[in-house]
Each structure stands twice: as structure tokens, then as C-alpha cells.
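**Q**
Residue numbers (the numbering used here): 2 to 182.
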């Protein structure tokens with residue numbers, strides 16, 4: 002949790018999901034292997050607007066919850082939505098799913114199946130919301146969680162995106178407003 006607090010304030014920027022997926026794969030594959038479970042990541046080339054450390058923490062929370070509470074293989078994938086303005090990241094497994102009585106309150110603080118603190122999913126939802134996205138329990142059994150984030154349009158130059166909280170400087174080169182060329 003400390004990691005997410007320090008990184009969440011760093012600002013929204015263009016994030017390549019392939020890099021985040023690879024980081025999570027390296028972090029979690031040993032734990033899944035030790036538990037004799039498989040962790041599979043889909044191929045991804047999408048980019049989203051997000052806070053990198055916060056997005057990594059959200060995925061880590063969902064993957065850890067799958068490891069602790071789920072079963073079978075855990076799958077992590079991403080796809081563009083029908084409108085291509087949103088990317089959906091899904092973490093799902095083959096386990097028994099979220100108990101029916103717990104599902105409506107799964108994102109409330111202190112709500113837990115008894116094996117955790119009940120803070121992780123509430124914090125994950127807050128981190129996604131801070132980046133303008135949403136986190137949902139998209140399927141109760143077997144469990145599937147979906148993160149919806151704004152996609153980066155193909156015509157956006159990632160180097161031209163201004164980080165949250167910073168101001169853009171006026172262009173001084175040829176064609177800049179007010180300049181006589």
C-alpha cells in the first residue's frame with residue numbers, strides 16, 4: 002500500500018500496457034509457480050492514460066487477490082472497447098468466484114472474505130477513479146475484474162502530452178503563434 006501512495010500522486014501520463022504487463026509477470030510468476038498455478042498474460046499493444054505506479058498497484062492487487070482467493074489459471078488481458086476510446090484490462094481466473102453475499106459490497110473498505118484486510122480492492126478502485134477510469138467486478142463466478150481506462154488515440158504523440166499539474170510552454174520555433182517567419 003505504501004508503494005501506491007507514493008506513486009499515485011506522480012500524475013497521469015501515456016502508459017504502454019506491454020511494459021506494465023511484463024513488470025507484473027516478472028513480479029508474480031514465482032508466487033504462482035510456488036502455488037502450482039499458472040499466470041498468463043495476453044499480447045497487448047494498447048496505450049492508456051494512467052498514473053504508472055497506480056496502474057501497477059491496481060494490477061498487483063487484482064493478481065494477488067486471484068492468487069489468494071481464486072483457483073486454476075489466472076489470465077490478464079487487454080482490449081480496445083467497441084468505441085476504441087476505452088481500453089478494458091481484465092484479470093480473471095478459474096476459481097470459485099466471489100461469494101454471492103460479498104459481491105455487491107466487494108469494493109467497500111473492510112469488506113473481506115476473512116482472508117485479508119478489505120482495503121486492497123477499495124484502494125484499487127480509488128486509484129483507477131483518480132485516473133478517470135473505473136474498476137468493476139464484471140463476473141462473479143468465476144471471478145473477473147475489469148479496469149476501464151481512456152485509450153491513447155493513434156495520432157497523439159506521447160512526447161507532446163503534458164503531465165498532470167504541469168503547464169505547457171509556448172512554442173518558439175517556426176510557425177509559433179505571434180512569430181513572423
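Yeah, the Cβ is synthetic: ideal placement off N, Cα and C, and Gly gets one too.
1. Report yes if the CB atom of residue 1 is closer than 8 Å to the CB atom of residue 143, and no otherwise.
2. Could you spell out the range, first to last residue, of the beta strand (DSSP E) harbouring residue 135?
3. Identify whether residue 107 lies in helix, strand or coil by the three-state DSSP scheme.
4. Does the beta-carbon of residue 118 have 16 or more other beta-carbons within 10 angstroms, so that it is buried, or is it exposed?
5. Report the residue from 50, 17, 74 and 82 whose alpha carbon sits nearest the alpha carbon of residue 147.
6. Within 10 angstroms of its Cβ, does residue 126 collect 16 or more other Cβ (buried), or is it exposed?
7. Give me the Cβ distance between residue 88 and residue 57, rounded to the nearest whole Å; I'm assuming they're in contact under 8 Å.
8. Note down, one range per segment and in chain order, each alpha helix (DSSP H) of at least 4 residues found wholly within the stretch 56-88.
9. Which residue's Cα is closest to the Cα of residue 38: 55, 67, 60 and 137?
10. So, at 8 Å on beta carbons, what are the nonlocal neighbours of residue 69 in its own chain, with the 5 sequence-adjacent residues on each side left out?
11. Leaving aside the five residues before and after residue 132 along the sequence, list all residues of the same chain whose C-beta is less than 6 Å from its C-beta, in chain order.
12. Using the rule of at least 16 other Cβ atoms within 10 Å of the residue's Cβ for burial, across every protein chain shown, is residue 43 buried or exposed?
13. Out of curiosity, what's the CA-to-CA distance linking residue 108 and residue 155?
14. If distances are taken between C-alpha atoms only, which option among 24, 135 and 104 comes closest to residue 77?
15. Apart from the five residues just before and just after residue 121, which ones in its own chain have a Cβ nearer than 6 Å to its Cβ?
16. Quick one, are the C-beta atoms of residue 124 and residue 134 less than 8 Å apart?
17. Which residues bound the beta strand (DSSP E) around residue 125?
**A** According to the structure shown:
1. The structure shown does not extend to residue 1, since the chain is modelled only from 2 to 182, so the question has no answer here.
2. Here the question's residue 135 lines up with position 134 in the chain shown. Looking at the DSSP string, the run of the beta strand (DSSP E) that includes residue 135 is 135-140.
3. Along the chain shown, one-based indexing puts residue 107 at 106. Coil.
4. For this step, residue 118 is matched to residue 117 along the chain shown. Result: exposed.
5. As a working mapping, residue 147 is identified with position 146 in the chain shown. Comparing Cα positions, the closest option is 82.
6. Position 125 of the chain shown, counting from 1, holds the residue named residue 126. Looking at its Cβ environment, which holds 16 or more other Cβ atoms inside 10 Å, residue 126 is buried.
7. Locating residue 88 in the chain shown gives position 87, counting from the first residue. Locating residue 57 in the chain shown gives position 56, counting from the first residue. Not quite, the Cβ-Cβ distance comes to about 15 Å (not below 8 Å), so this is no contact.
8. none
9. Position 37 of the chain shown, counted from the first residue, corresponds to residue 38. For residue 38, the nearest C-alpha among the options comes from 67.
10. For the purposes of this step, residue 69 is taken as the residue at position 68 of the chain shown. If we look at residue 69 and ignore the five residues flanking it on each side, its Cβ neighbours are 116 and 117.
11. In the chain shown, the residue the question calls residue 132 occupies position 131. Within the same chain, residue 132 has close Cβ partners 13, 51 and 52.
12. Here the question's residue 43 lines up with position 42 in the chain shown. The residue in question, residue 43, is exposed, as its Cβ has fewer than 16 Cβ neighbours within 10 Å.
13. To locate residue 108, count along the chain shown from 1; it is residue 107. To locate residue 155, count along the chain shown from 1; it is residue 154. Straight-line Cα distance between these residues: approximately 33 Å.
14. Position 76 of the chain shown holds residue 77. Comparing Cα positions, the closest option is 24.
15. As a working mapping, residue 121 is identified with position 120 in the chain shown. Closer than 6 Å at the Cβ level, and outside the excluded window around residue 121, lie 62.
16. Translated into positions along the chain shown, residue 124 becomes position 123. Translated into positions along the chain shown, residue 134 becomes position 133. No, they are not a contact pair.
17. Position 124 of the chain shown, counted from the start, is the residue given in the question as residue 125. Here residue 125 belongs to no beta strand (DSSP E); instead the alpha helix (DSSP H) covers 121-131.
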